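Residue numbers (UniProt numbering), protein chains in the order written: chain Y, 1 to 219; chain S, 1 to 219.
For each residue, glycine too, the CB sits at the ideal point set by N, CA and C.
For clarity, every value in this text was computed on a predicted model and none was experimentally measured.
Down below is the structure, laid out as structure tokens.
There are 2 protein chains.
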Amino acid sequence: MMVTMKVVGLGIVALTVSLELFGWFLSRLRSRRTLNEVLFFPSKVACVEHTFTPNSHHSCCCSLPHSVETSLSHLLRRILSASTSLDVCLFSFSNMDLSRAVLLLHSKGVSIRVISDKDYSAITGSQIGILRKAGISVRCDGSSVHMHHKFAVVDSRLLITGSLNWTLTAVQNNKENVLITEEPDLVKPFIQEFQRIWLLNDPAQNYQNIKLISTVQEA
Amino acid sequence: MMVTMKVVGLGIVALTVSLELFGWFLSRLRSRRTLNEVLFFPSKVACVEHTFTPNSHHSCCCSLPHSVETSLSHLLRRILSASTSLDVCLFSFSNMDLSRAVLLLHSKGVSIRVISDKDYSAITGSQIGILRKAGISVRCDGSSVHMHHKFAVVDSRLLITGSLNWTLTAVQNNKENVLITEEPDLVKPFIQEFQRIWLLNDPAQNYQNIKLISTVQEA
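Printed below as a string of structure tokens:
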């Protein structure tokens, strides 16, 4: 009887300790998985070829420094990590490296949607026309005020946001920040905001509205 | 002997279960404490008097809607929660409600530091001169490029950052975002960036540099 009690007692203790350790391990794993990081700009000027073609590290012979990790190369890598979708909502988009990343993802079959400010999508150097010509879904926010967001959502999971417009001046010259997070409480509102602005600028919807206004005016 | 074994066994089990429950309670408390939220703009136009004087909710007789919670009132409340320090790093600062919040905190003895872009600190409506006249420590980033950040850190604990410049147009008209978080991995880099730019624009340091350059030129 005493032996049985001992065995049962020790068994319960062992089980509880195991559960405690398992819980601790899971919580450690969870906290490690939630990515939270900040990049600051201006980025060092360096070759970013290795972010596009990781295996040709030594093959690029441009005059810029090589094998240097910069804020831009890190940002590119986060964007290029997209495997299913990339939603981009930008006031201004003229940076050719960032545009190349979006085009590369598109060529790999990643579903891309781009929203930009109407006024800034037509300025010199804007990549919006190039993305549209490549077959990427682009909508320009047509409201009379600025669509001043500068964010992207990778695979409906990773938020990239901050002060940085995707322009050469912002990347190479300005003091800027980019915050990258997987925290659901921060990512979800941006997914909803993207969807809201995307639908708000649906050309089919706008065409129907114009038709409705014409009908009312004619009546 | 058997009774002793029983008591010791049960005691260990009870202790382990208690520790497990205590750990769970602590982790729940911790996850609840970590604030993560997002505000979107434009903000509804409404009276924000109650955020400054919470007890005089019904005493304001301006023509704007009252008792309405808006993105601006929420942002003001987060800023006004500062009890020891507020560090503000803004490209453009002309919004009078946000300026009033900073001045109110200053009058209560909260330690305030403000960094702004040199070019934009002198434009019409800028609050930078008003803050400086009130005795608040202000430094203007004198580099030839844009200091394009739009962030604030409350009590070295709470980060407020996003696309929103603290201007009336940004608050009332533009599509903008403000991300508010206590996540240390996100807050700490911004504290360091503030300190870096603050020291970079130390007038004493700059005065020494000018003296050094003059001495070299004279030599």
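> How would you call Trp24 (chain Y), buried or exposed, if buried means at least 16 neighbouring beta carbons within 10 angstroms?
Replying inline: Taking all protein chains shown into account, Trp24 (chain Y) has fewer than 16 neighbouring C-beta atoms within 10 Å of its C-beta and is therefore exposed.
> If we call anything under 8 Å between Cβ atoms a contact, is Asn201 (chain Y) one with Cys140 (chain Y)?
Replying inline: Taking the C-beta atoms as reference points, Cys140 (chain Y) is found nearer than 8 Å to Asn201 (chain Y).
> Taking the Cβ atom as the reference point for each residue, do Phe190 (chain S) and Thr167 (chain S) lie within a distance shorter than 8 Å?
Replying inline: In terms of Cβ geometry, Phe190 (chain S) and Thr167 (chain S) do not form a close pair [threshold 8 Å].
>> What residue range does the beta strand (DSSP E) around Ala152 (chain S) cover?
In response: Counting along the chain, the unbroken beta strand (DSSP E) around Ala152 (chain S) starts and ends at Lys150 to Val154.
> Which whole-angstrom value is the C-beta distance of Thr34 (chain S) and Thr16 (chain Y), which I expect to be below 8 Å?
Replying inline: About 28 Å separates the beta carbons of Thr34 (chain S) and Thr16 (chain Y), which is beyond the 8 Å limit, so they are not a contact pair.
> When the Cα of Ala46 (chain Y) is compared with those of Y:Ser73, Y:Thr53 and Y:Leu26, which residue comes out closest?
Replying inline: Per the Cα distances, Y:Ser73.
> By Cβ distance below 6 Å, which residues in the same chain neighbour Ser43 (chain S) in space, the five residues on each side in sequence not counted?
Replying inline: Within the same chain, Cβ atoms closer than 6 Å to the Cβ of Ser43 (chain S) are found at Thr70, Ser71, Leu72 and Val171, the five residues on either side in sequence being excluded.
>> For a cutoff of 8 Å on Cβ pairs, would you count Ser163 (chain S) as touching chain Y?
In response: Judged by the 8 Å Cβ criterion, Ser163 (chain S) is in contact with chain Y.
> For the putative contact between Glu176 (chain S) and His149 (chain Y), defined by C-beta atoms under 8 Å, what is the C-beta separation to the nearest angstrom?
Replying inline: Their Cβ separation, rounded to whole angstroms, is 7 Å, which keeps Glu176 (chain S) and His149 (chain Y) in contact under 8 Å.
> Interface residues of chain Y around Ala170 (chain S) at Cβ under 9 Å?
Replying inline: Near Ala170 (chain S) (Cβ distances below 9 Å), the residues of chain Y are His146 and His148.
>> Which complete alpha helix (DSSP H) runs does the segment 46 to 107 of chain S hold, if anything under 4 residues is left out?
In response: As summarised for the segment 46 to 107 of chain S, the continuous alpha helix (DSSP H) elements at least 4 residues long and confined to that stretch are 49 to 52, 71 to 80 and 96 to 107, given in chain order.
> In whole angstroms, what is the alpha-carbon distance linking Ser121 (chain S) and Trp198 (chain S)?
Replying inline: If you take the alpha carbons of Ser121 (chain S) and Trp198 (chain S), they lie about 16 Å apart.
> Of all the CB atoms in chain Y, is at least one closer than 8 Å to the CB of Phe93 (chain S)?
Replying inline: For Phe93 (chain S), no CB of chain Y lies under 8 Å from its own CB, so it is not counted at the interface with that chain.
>> Any beta carbon of chain S sitting closer than 8 Å to that of Pro65 (chain Y)?
In response: No - not a single Cβ of chain S is within 8 Å of the one on Pro65 (chain Y).
> Are the CB atoms of Val114 (chain S) and Val153 (chain S) nearer to each other than 8 Å?
Replying inline: Taking 8 Å as the cut-off, the Cβ atoms of Val114 (chain S) and Val153 (chain S) do not count as close.
>> When you compare the CB positions of Leu105 (chain Y) and Leu80 (chain Y), do they come within less than 8 Å of one another, or not?
In response: Going by beta carbons, Leu105 (chain Y) and Leu80 (chain Y) fall inside the 8 Å limit.
> Any beta-carbon of chain S closer than 8 Å to the one on Asn174 (chain Y)?
Replying inline: For Asn174 (chain Y), the answer is yes, since a Cβ of chain S falls inside 8 Å of its Cβ.
> Under a three-way DSSP split, which group does Val21 (chain S) fall into?
Replying inline: The amino acid occupying residue 21 (chain S) in the given sequence is Leu; Val does not appear at that position. Reduced to three states, the DSSP call for Leu21 (chain S) is helix.
>> So the candidates are Y:Ala82, Y:Gln192 and Y:Glu49; which of them puts its Cα closest to the Cα of Leu64 (chain Y)?
In response: Of the listed residues, the one whose Cα sits closest to Leu64 (chain Y) is Y:Glu49.
>> Looking only at its chain, what residues have a beta carbon closer than 7 Å to the beta carbon of Gly142 (chain Y), apart from the 5 residues adjacent to it on each side?
In response: Closer than 7 Å at Cβ, skipping near neighbours: Lys118 and Asn201.
>> If you follow the beta strand (DSSP E) that Val114 (chain S) is in, where does it begin and where does it stop?
In response: DSSP places Val114 (chain S) in the uninterrupted beta strand (DSSP E) bounded by Ser111 to Asp117.
> Asn201 (chain S) versus chain Y: which residues are under 7 Å apart at the beta carbon?
Replying inline: Within chain Y, no residue comes near Asn201 (chain S); the closest Cβ sits about 11 Å away, beyond 7 Å.
> Short check: CB of Gly11 (chain Y) to CB of Met5 (chain S), under 8 Å?
Replying inline: No, they are not a contact pair.
>> For Leu186 (chain S) and Gly109 (chain Y), what's the separation of their Cα atoms in angstroms?
In response: Approximately 32 Å between the Cα atoms of the pair.
> Mind pulling the chain S residues with CB within less than 8 Å of Lys44 (chain Y)?
Replying inline: One finds nothing in chain S with a Cβ atom closer than 8 Å to the Cβ of Lys44 (chain Y); even the nearest lies about 15 Å away.
> Short check: CB of Leu86 (chain Y) to CB of Ile128 (chain Y), under 8 Å?
Replying inline: In this structure, Ile128 (chain Y) does not lie closer than 8 Å to Leu86 (chain Y) by Cβ.
>> So for Val145 (chain S), helix, strand or coil by DSSP?
In response: Coil.
> Using DSSP with H/G/I as helix, E/B as strand and the rest coil, what is Gly129 (chain Y)?
Replying inline: If DSSP states are grouped into helix, strand and coil, Gly129 (chain Y) belongs with the helices.
> So, helix, strand or coil for Val175 (chain Y), using DSSP?
Replying inline: Before going on, a small fix: residue 175 (chain Y) reads as Lys here, not Val. Of the three classes helix, strand and coil, the one that applies to Lys175 (chain Y) here is strand, per DSSP.
> In or out: Ala204 (chain S) buried (at least 16 other Cβ within 10 Å) or exposed?
Replying inline: Label assigned to Ala204 (chain S): exposed.
> Sorted by chain position, which residues of the same chain lie with C-beta nearer than 6 Å to Ser92 (chain Y)'s C-beta, five sequence neighbours on each side aside?
Replying inline: Taking C-beta separations shorter than 6 Å and ignoring five residues to either side along the sequence, the partners of Ser92 (chain Y) in its chain run Tyr120, Asn165 and Thr167, following chain order.
>> Under 9 Å, CB to CB, which of the residues in the segment 1 to 15 of chain Y have a partner in chain S?
In response: Listed in sequence order: Met1, Met2, Met5, Lys6, Val8, Gly9, Leu10, Ile12 and Val13.
> Going by C-alpha distance, which of Y:Leu26, Y:Val102 and Y:Val68 is nearest Ser83 (chain Y)?
Replying inline: The residue among Y:Leu26, Y:Val102 and Y:Val68 with its C-alpha nearest the C-alpha of Ser83 (chain Y) is Y:Val102.
> Straight-line CA distance for Ser107 (chain S) to Ile136 (chain S)?
Replying inline: Taking C-alpha positions only, Ser107 (chain S) is separated from Ile136 (chain S) by approximately 10 Å.
> With 16 as the cutoff for other CB atoms within 10 Å, does Asn174 (chain Y) come out buried or exposed?
Replying inline: Asn174 (chain Y) should be labelled buried.
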